[in-house]
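Numbering (this note's numbering), first residue to last: -8 to 121.
Ideal Cβ placement from N, Cα and C applies to all residues, glycine included.
Remarks on the structure that follows.
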Amino acid sequence: MRQVNKYLFLHFVIVMLSCEPVNYVNKIVTIDIYESSIPHNGTLNQDIELELKAQATNGCHSDLKIKLIETKDRHYLLKATARFKSHGDCPTVMVYTDTTITFRPTKTGKHFFQINETPFEIRRDTIEVN
């Protein structure tokens, strides 16, 4: 009987430790790129620096990243993401990141950049590559 109680107790402890609280959130979310600096001109096969700043609205955000995603030929999306972890309450503090992305065009002509996705303000910019 004593052995059975030990196993029941051990089973109870394992189940309790393996359960996440009901209100626990851990996901990747899109955040706002609030500032960008993209040159108007570039040279074929030469590095172009894209300077970007993003922000998250509270201290539950971490691991902020800004990515350059090619959506189709010479069309790009600049998107910022963060990991959002919360048990309910979040510190009232803004979280920021700044990033320089090196872009090397391999085709001449206009290269189109969309900065942000809905629900954030979408801005557009163009680099003319010679």
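Endpoints, beta strand (DSSP E) assigned at residue i
i: Gln46; result: 39 to 47
i: Asp54; result: 52 to 63
i: Tyr67; result: 66 to 77
i: Lys131; result: No statement about residue 131 is possible, as the shown extent of the chain runs from -8 to 121 and does not include it.
Other residues of its chain near residue i: CB distance less than 8 Å, five sequence neighbours each side excluded
i: Asp54; result: Ala73, Arg74
i: Pro82; result: Asn49, Gly50, Cys51
Identity of the residue in the options nearest residue i by Cα
i: Ile106; options: Leu41, Asn49, Thr48, Gly79; result: Leu41
i: Ile113; options: Leu43, Ile24, Pro96; result: Ile24
i: Leu59; options: Gln37, Glu119, Pro96; result: Pro96
i: Thr91; options: Thr21, Ile29, Val20, Val84; result: Ile29
i: Lys63; options: Lys101, Glu26, Met85; result: Lys101
Residue i (DSSP reduced to helix, strand or coil)
i: Thr90; result: strand
i: Val13; result: coil
i: Val120; result: strand
Contacts around residue i, its chain only, beta-carbon distance under 6 Å, and the 5 residues preceding and following it disregarded
i: Ser77; result: Val16, Cys51
Rounded Cβ spacing between residue i and residue j (contact assumed at less than 8 Å)
i: Leu43; j: Asp89; result: 7 Å
i: Leu35; j: Val120; result: 6 Å
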